[in-house]
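Accompanying notes for the structure given below.
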Amino acid sequence: MNYTKQIQDIAAKLFAEGKIDVFVGYRVNGFDDNQVPALITDPQDVPKLVFTDKSVFNLVNYLKSEHTRRKRVGLVVKGCDSRSLNLMLTESQVKRENLYVIGICCEGVVDETGQKMQNCVECAVPDAVVSDELLGTPMSGSLTLTYRVNADIAKLSEMPLTERAAYFEEVFENCIRCNACRHSCPLCYCAKCCIDQETATLYNGANTTSSAFHALMTWSLHLAGRCVDCRNCEKACPSHLPLHLLHKQNESVIYENFQEHLAGVIPEDRGAFYKYSLKDPDDFIM
Amino acid sequence: MPLREFRNENNANNAGNANNASNEFILLRSKFRHFTISPFRYLFYMEKLLVPMICKVDKVIQETPDIRTYRLNFREEGLMENFTWLPGQFVEFSLLGSGECTFCIASSVTRKGYFDCSIKKAGVVTADIHTSLEEGDDVGIRGPFGNWFPLEDIKGKNVLFVGGGIGLAPLRSLIQYCIDNRGDYNDFTILYGARTSADMCYKDEIKEWQDNKTLNVVLTIDKPEETWTTNVGVVPKILEEVVKPEIENTKVITCGPPIMIKYTIQSLLKLGFADRDIITTLEMKMQCGLGKCGRCNIGSTYVCKDGPVFTNEQLKGLPDEF
Amino acid sequence: MEAEVKDQLVSIEKPELIAPPDWEPVIMGILCNWCSYAGSDLTGTSRIQYPPNIRIIRVPCSSRVDPWFLIKSLQTTADGVLVSGCHPGDCHYISGNYYARRRFLVTKKLLNFVGFHENRIQFSWVSAAEGPKFAKVVIKVTDDIKKLGPLHLYKKENFEKK
Amino acid sequence: MSFSTFVTDKPGLQKFYEAVLASHETYAPAEKFGKFDFKLVSRISECDPESPIAKTQSIKPLFFPRSAKVMKYVATSAGTDVSEVDEDPLAVKRIIIGAKHCDARSLQVLDKVYNWDYIDTDYQKRRENTVIISTRCDKADTHCFCTSLDYDVENLDAMDVLVVNGAEGKIYLRARTEKGETFLKENFSQQLAVGSEQSEVGSRHSAEEEMKKQYAAFAESFRLKMNYKEVNERLSKIFDTPEFEKVSANCVSCNTCAFICPTCHCFKISDEKVKDTGLRYKSYDSCNNGYFTLMAGGHNPRPAKYRRWRQRAMHKFVYYKERFGENLCVGCGKCTIACPVNISIFEVVNQVASAGIQE
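Residue numbers (our numbering), protein chains in the order written: chain A, 18 to 303; chain B, 33 to 354; chain C, 1187 to 1348; chain D, 152 to 510.
Below you can see the structure in the form of structure tokens.
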């Protein structure tokens, strides 16, 4: 998967036509072959742009940054990124007319060790669902892509309750409450967040296991039915916590019970908690 | 001269013979060169300055719809007598369970037996204070912290106080102090502005000041009102048109909202005041008051230690981040 | 009894935390104003007995219940939570409880996933006319939680359990 | 005063660590979720003193806890009682093994801010009661630049005992402070020593040379090199450069850099209340946080991201230097590794400083 050439061409064209003010893509970070986001405002920097299977970060996160606000933005999105962009559009956080979206039919990205990322192995929506221009061959036609329950979730669900509790106690204990997960999430755009230390009204920002539990649980429930599994949070976590477990658990419950809802796949489709169906399960309620 | 040294020297000079309290300062200062915390704290609680002392609310005065003055006294006996501060210093005021805020002490050490904090409803904690803190309740107090107005410098000079809104609180401490040591100062002018007449705090006290023949009090509001007979207009305008201060031998002390301070300083400079004669107190977010938590950093200056009182001369040396 | 205390990691590691004989659970009951609260009222006026372990909080609608209400209750006083609302279709605000139902399911499963026994988080539909049902629900929830024992997971540090 | 050097080999060092673990309260890097953090350990199998620098958290939390209880209050009808909370018994002697050079150095930097004016007694006690055994890296990591900063990495005396890997599997244990000297004398049994070089003069001489050689090889391996004096000087002159806007564009304001930085020391004070009792915590905070300087009235001196980044870079390389005479950076590169978009403080200051030349 290498769309470097195409993306450079498109970006150069957009700058030449004056259609965008800033282009958000990837560049090589300068010390190894991993990539970092690049916010380009000068057409001269266009040759720096790259796109390979190391283009990991979800760039939709930059749509909430002050560098792109009220500007016309060119943007590269993979399958999962485009789902979060879809939700941003549905939730009126960005204006479609201000965006020029280059969609990628993603074959999966790799982590630092060169292994294909877990969310890419299990990916059900590899093609960009929002795009002005689609690069690559759409895979949803040729492959039978089905939703799969995350391997870790399946494993943990079979564990006895006590062991699972012990495992998660360790997770919450190792949280250092830096809130990098919340800040790197493209869908956490609230100006005042209930888990930010300074504005937290629910509990204080102290770094204790109980406050980490409270914060991460509340955070994951606010993202339930909206999380697109891009794993920005996990990449940002300095303690390498398996944050995807909380999100994937919610996702699998929602997929199984609420008419196979997957966040952001259908345009104009809001998060699972913004709608309801009469057929929703009722058997757990007395 | 680097700000720090300047500050230290200045403090050592101006605290000199203000009163007995500051003599103690001098004593401690010579012993512990960098110790700018008050003797009170030093003597009793040298180790854990992050643990507050419990004060009782003696009286709540509703100054304006959103400003309340809390009159405080220590729960523990004998502490109030030893609690000394100088005008311009601040305390960390905590509503236990809700959080901590920084407030200037609004009364003078010369009025014995209590100290005041004037609190404007602005954020989360202050809103909590307004809704839940009543007479007889407990609050936590740490302090006093910071430096103070250069009392020695203004001695024997004309003093012009320019205040706006809640900015009168730190000035009130100094005004009271100066009134109680009236012999040491020359002409005295207080210019105070507020948005409306209802937004003026310390109304009773301002009346006292107006009755005092040795003071010249000028009040102003931003927009005309029916019952208001005197000046109307923003503070800098009144300063230029009505007060017309003498430039010679005058020190100006100003405090108020950031925007007011900015324009007041501009018009003062236009009137011909020197930078070192303009004294103001800075507002920065603070949490520890001890020069540790890093919130009040402006350049290499810690506002909680080197400030909050600065002359315009010193402010010019700081990065524009306040 | 001991076998059922298994969701409590702490109680296994520290046997002194296993329920003392006179221990009574505290259950946070969050009831919707229009149906369940009126239902609980009816239970009282009909003089039907139910355990006094439940502490009732009234909310306008079951969809007012943010998941963190449950999380916070479990972190402070409560050993279990019961949320109750109108029957589907009967919501005073037309569709509130449909939204709530979705949230409840996900919250319950997630709390269970991180180590809370599923019986600690319970939901019910109780209408204003169902006084006896409310009593039955409270009896069942209390029984369930009594079997599970006191909750120690993720309790707030400064909270000393009485 | 001269300090003694002991020579041992790999199994000898392992045995020494085991003896230390058995007899003292020891903190060492323990792995969890692929990341090493300094934790209380009782067996050598639980920890890895040779943990890679890129995956190890700093030792700062052992001295400045991520969340320290400041005080506790209980409201009763008679009034409110406030009491101090004694954090983890401060008086207990602790040993840290597996610390890195940069970790040890960071404490020297932090000492300055904790010991000016009000002296933080908690920090002081923790500092006094801890013996730091630090290992010198054999090779620099991708993001390391400790040799380019204002301290002598070779002769650093921030740690109490220095462990250096020499040639032919030899390992040198060198006391750096008196505390370290007494600790080594008490705990290092002569049976662990190897070779014929135990005789005083000869051993010191060759050990010294060995260590010099090892340092030279280590210093060679750095990818990043800069002239800190030039950077300090240029940065102090270009407060208003637009370059900060460029270098901060990628930042997602996630604050991780400050939380894992071994020298960042900003904190916030927050209360937690349950019923009538409450605790006050002092926990980490970051200047990259938009709320950091936001005041209750809505006035924020640093509303924009680039202003906050400027504060961060300038505080590390200008303000702290002005005030306390040291750079607030030890060149460990941990912030770059933790950053989700790999912003490197090294690149930022160099880019801004070199932009200063062009202007």
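From the three backbone atoms N, C-alpha and C, an ideal C-beta is built for every residue, glycine too. It should be emphasised that the depicted structure is a prediction, and the values quoted were computed from it without experimental measurement.
By DSSP, does residue i sit in helix, in strand, or in coil?
| i | result |
| --- | --- |
| A:GLY242 | coil |
| B:LEU104 | strand |
| A:GLU190 | helix |
| C:ARG1241 | strand |
| A:GLN135 | helix |
| D:VAL500 | helix |
| A:ASN167 | coil |
| B:CYS360 | Any answer about residue 360 of chain B is impossible in this case: the structure gives chain B only from 33 up to 354. |
| B:ASP160 | helix |
| C:HIS1338 | coil |
| D:GLY320 | helix |
| A:ILE302 | strand |
| A:ASP144 | strand |
| B:THR246 | coil |
Taking DSSP's pairing of strands, which residues face residue i in a bridge?
| i | result |
| --- | --- |
| B:ILE86 | B:GLY172 |
| A:ARG44 | A:VAL53, A:LEU66 |
| B:TYR224 | B:GLY195, B:LEU251 |
| D:ILE283 | D:ILE247 |
| D:ARG325 | D:THR156, D:LEU313 |
| A:LEU92 | A:VAL41, A:VAL118 |
| B:ASP148 | B:ARG103 |
| B:LYS91 | B:ARG103 |
| B:GLU124 | B:THR134, B:ARG174 |
| B:THR333 | B:ILE330 |
| A:GLU150 | A:ILE119 |
| C:TRP1311 | C:GLY1271 |
| B:ASN263 | B:THR252 |
| B:VAL341 | B:THR313 |
| A:VAL127 | A:LYS133 |
| C:GLY1266 | C:ILE1213 |
| B:ASN190 | B:THR282 |
Which word fits residue i, buried or exposed, when buried means at least 16 other C-beta atoms lie within 10 angstroms of its C-beta?
| i | result |
| --- | --- |
| A:ASN19 | exposed |
| D:CYS483 | buried |
| B:THR262 | exposed |
| A:CYS207 | exposed |
| C:ARG1289 | buried |
| B:MET78 | Low per-residue confidence applies at B:MET78: pLDDT is 46, beneath 50, and the placement is therefore not dependable, though the value from the model is reported in the following sentence. It counts as exposed. |
| D:GLU351 | Residue placement at D:GLU351 is flagged as unreliable, the pLDDT there being 46, under the threshold of 50; the coordinate-derived value follows with that caveat. Burial call: exposed. |
| A:PRO255 | buried |
| B:PHE72 | A caution first: B:PHE72 carries a pLDDT of 48, below 50, which makes its placement in the model unreliable, though a value can still be read off. So B:PHE72 counts as buried. |
| A:LEU295 | exposed |
| A:GLN61 | exposed |
| A:ALA182 | buried |
| D:ASP254 | buried |
For a contact defined as C-beta to C-beta under 8 Å, what are the partners of residue i on chain A?
| i | result |
| --- | --- |
| D:VAL492 | VAL53, PRO54, PHE74 |
| C:ARG1306 | Under the 8 Å cutoff, chain A gives no residues; its nearest Cβ is about 11 Å from C:ARG1306. |
Mind listing the chain C neighbours of residue i? Cutoff is C-beta to C-beta under 7 Å, in chain order.
| i | result |
| --- | --- |
| A:ARG165 | Going along chain C, no residue has its Cβ under 7 Å from A:ARG165, so there is no contact; the nearest lies around 18 Å. |
So residue i contacts chain A; which residues on that side make the cut at Cβ distance below 7 Å?
| i | result |
| --- | --- |
| D:ALA400 | LEU56, HIS84 |
Whose Cβ in chain C lies nearer than 9 Å to the Cβ of residue i?
| i | result |
| --- | --- |
| A:PHE48 | Within 9 Å Cβ-Cβ: nothing; A:PHE48 doesn't reach chain C, min ~38 Å. |
If the cut is a Cβ gap below 9 Å, which residues of chain A does residue i touch?
| i | result |
| --- | --- |
| C:PHE1320 | Those within 9 Å of C:PHE1320 in chain A number zero; the least Cβ separation is about 10 Å. |
Residues of chain B with CB under 8 Å from residue i, in chain order?
| i | result |
| --- | --- |
| D:PRO452 | MET316, ILE330, GLU353, PHE354 |
Using 7 Å as the cut-off, classify the Cβ of residue i as near or not near the heavy atoms of the ligand FMN, replying yes or no.
| i | result |
| --- | --- |
| B:LYS153 | Looking for the ligand FMN in the displayed structure turns up nothing, as the structure carries no ligands at all. |
Next item on the list: Please specify which runs of the beta strand (DSSP E), each continuous and at least 3 residues long, are wholly inside the segment 169-257 of chain D, giving them in chain order.
Entry: 176-183, 186-192, 218-227, 230-235, 245-251
Checklist line | 4 or more residues per run - each alpha helix (DSSP H) lying fully within the segment 370-434 of chain D | finding: 379-388, 394-398, 407-411
Next item on the list: Starting from the N-terminal side, write out each stretch of the beta strand (DSSP E) that is 3 residues or longer and does not extend beyond the segment 1207-1238 of chain C.
Entry: Here the runs fully enclosed are 1213-1218.
Checklist line | Length at least 4, wholly inside the segment 243-276 of chain A: the alpha helix (DSSP H) runs in chain order | finding: 249-253, 261-274
Notebook entry, point to check: Unbroken alpha helix (DSSP H) runs of length 4 or more, entirely within the segment 464-498 of chain D: which are they?
Noted result: 471-475, 485-489
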